[in-house]
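Trainee: Using our numbering, you'd call the opening residue of the sequence shown number 54 and step up by one each time. Positions of the beta carbon are idealized from the N, C-alpha and C atoms, including for glycine. Values in this document were obtained by computation on a predicted structure and should not be read as measured data. Have a look at the structure that comes next, please.
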Amino acid sequence: MSTVDLSITAPAIDVEHEVHARHGYSANKDAYLRRLKRIEGQVRGIARMVEDDKYCIDILTQVAAVTKALHAVSLGLVEEHIGHCVVGAASEPDPGARAEQIDAKVKEATDAIGRLLR
């Protein structure tokens with residue numbers, strides 16, 4: 054009989070994100086998780102509607118509600134990023150590093166917003 058190795062290896066550390074071990078949304082993490090679980094339930098409900106051959110407009114109404122809920126989560130996360138990560142970069146004591154970090158964090162936010170608008 055062979056033995057199975059059940060040891061747990063440590064996950065790789067993302068050095069860029071290690072600096073910000075607490076993300077801006079950390080204080081509201083439970084609220085975000087509750088909202089996402091509610092959205093998950095709505096999506097399951099939409100799948101059931103399709104399985105049950107419900108009226109297409111009723112399904113589209115529910116899809117619009119889920120889309121709006123996801124946008125609300127997204128906007129909250131963007132706000133948290135700006136309020137935490139961008140502001141945190143602005144507090145960097147070294148002026149050269151500060152400008153570079155601010156630019157990087159603003160670009161991250163701009164790119165994220167761009168993805169949301171596609």
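Do you know offhand how far residue 49's Cα is from residue 148's?
Mentor: Coverage of the chain is limited to positions 54 through 171, which leaves residue 49 absent and any answer about it impossible.
Trainee: Measuring straight from C-alpha to C-alpha, what distance separates residue 117 and residue 135?
Mentor: Here residue 117 corresponds to residue number 64 of the sequence shown, with the count starting at 1. Here residue 135 corresponds to residue number 82 of the sequence shown, with the count starting at 1. Rounded to whole angstroms, residue 117 to residue 135 spans 27 Å at the Cα level.
Trainee: How long is the line joining the alpha carbons of residue 109 and residue 86, rounded to whole angstroms?
Mentor: Here residue 109 refers to the residue found at position 56 when the sequence shown is read from its first residue. Here residue 86 refers to the residue found at position 33 when the sequence shown is read from its first residue. Rounded to the nearest angstrom, the two C-alpha atoms are 29 Å apart.
Trainee: For residue 162 versus residue 131, is the C-beta spacing smaller than 9 Å?
Mentor: Walking along the sequence shown from the start, residue 162 turns up at place 109. Walking along the sequence shown from the start, residue 131 turns up at place 78. Contact: yes.
Trainee: Under three-state DSSP, which class holds residue 152?
Mentor: Walking along the sequence shown from the start, residue 152 turns up at place 99. Three-state result, residue 152: helix.
Trainee: What do you reckon, are the CB atoms on residue 141 and residue 81 nearer than 9 Å?
Mentor: The residue given as residue 141 occupies position 88 in the sequence shown. The residue given as residue 81 occupies position 28 in the sequence shown. Against a cut-off of 9 Å, the Cβ pair of residue 81 and residue 141 comes out as no contact.
Trainee: Would you kindly report the start and end of the unbroken alpha helix (DSSP H) that includes residue 91?
Mentor: Taking the first residue of the sequence shown as 1, we reach residue 91 at position 38. Its alpha helix (DSSP H) spans residues 82 to 104.
Trainee: State buried or exposed for residue 77, treating a residue as buried only when at least 16 other CB atoms are found within 10 Å of its CB.
Mentor: Taking the first residue of the sequence shown as 1, we reach residue 77 at position 24. When all chains shown are included, residue 77 counts as buried.
Trainee: Which whole-angstrom value describes the C-beta separation of residue 169 and residue 127, a residue pair presumed to lie in contact below a C-beta threshold of 8 Å?
Mentor: Here residue 169 refers to the residue found at position 116 of the sequence shown. Here residue 127 refers to the residue found at position 74 of the sequence shown. The pair is a contact, with the Cβ atoms about 5 Å apart (cut-off 8 Å).
Trainee: When we look at the beta-carbon of residue 166 and count the other beta-carbons within 10 Å, is it buried (16 or more) or exposed?
Mentor: As a working mapping, residue 166 is identified with position 113 in the sequence shown. Exposed: under 16 other Cβ atoms inside 10 Å.
Trainee: So, is residue 158 buried or exposed, given that buried needs 16 or more other C-beta atoms within 10 angstroms?
Mentor: The residue given as residue 158 occupies position 105 in the sequence shown. By the neighbour-count rule (16 or more Cβ atoms within 10 Å), residue 158 is buried.
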